[in-house]
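Chemist: Provided herewith is a single structure, encoded as structure tokens, for subsequent inquiry.
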Amino acid sequence: MAGGARAPSSAPTVSLPELRSLLAAGRARLFDVRSREEAAAGTIPGALNIPVSELESALQMEPAAFQARYSAQKPTLEEENLVFFCQMGRRGSQAAQLARKLGYTGARNYAGAYREWLEQQG
């Protein structure tokens, strides 16, 4: 795959059943890229809220600064199953693409997003 001008149109996605099994096995890290207000109203348990507007700078922070800012360990470039999600899927896709552009090869978008997660909890 030569040539760097064309970015992939979308990042790899993860389905709800796959996400559930990854979470159950402790093999995924979740990032809620909605606004703080949206995340405060409810999120997927264990998700770290980093609004999409500050994601690029967050992923470029030194690990100690990231830890201080988000009270969580910064993901590594090689880490698998860094799952980004938003309310409907669009911001999650943008976030996963951005993370991949920065070298996070395991970045994926939970395309069903928080809306699907909520619907399936009943």
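Quick note: the sequence shown uses our numbering, first residue 1196, plus one each step.
We put the beta carbon where it would ideally sit given N, CA and C, even for glycine.
Give me the Cα-Cα distance between Ser1230 and Glu1274, rounded to the nearest whole angstrom.
Modeler: In the sequence shown, counting from the first residue as 1, residue 1230 sits at position 35. In the sequence shown, counting from the first residue as 1, residue 1274 sits at position 79. Rounded to whole angstroms, Ser1230 to Glu1274 spans 24 Å at the Cα level.
Chemist: What are the boundary residues of the beta strand (DSSP E) that Leu1277 is part of?
Modeler: What you label residue 1277 is simply residue 82 of the sequence shown in a count that begins at 1. From DSSP, the beta strand (DSSP E) with Leu1277 extends over Leu1277 to Phe1280.
Chemist: Starting from Tyr1309, trace the alpha helix (DSSP H) both ways and give me its first and last residue.
Modeler: Here residue 1309 refers to the residue found at position 114 when the sequence shown is read from its first residue. That run of the alpha helix (DSSP H) goes Ala1308 to Glu1314.
Chemist: So, for Ser1205: in the same chain, excluding its five sequence neighbours on each side, which residues have a beta-carbon less than 6 Å away from its beta-carbon?
Modeler: Position 10 of the sequence shown, counted from the start, is the residue given in the question as residue 1205. Cβ neighbours of Ser1205 beyond the five flanking positions: Ser1288.
Chemist: What are the uninterrupted segments assigned as beta strand (DSSP E) that are 3 or more residues long and contained completely in the region 1213-1283, given in chain order?
Modeler: For the region 1213-1283, whole beta strand (DSSP E) runs of length 3 or above, ordered along the chain, are 1224-1227 and 1277-1280.
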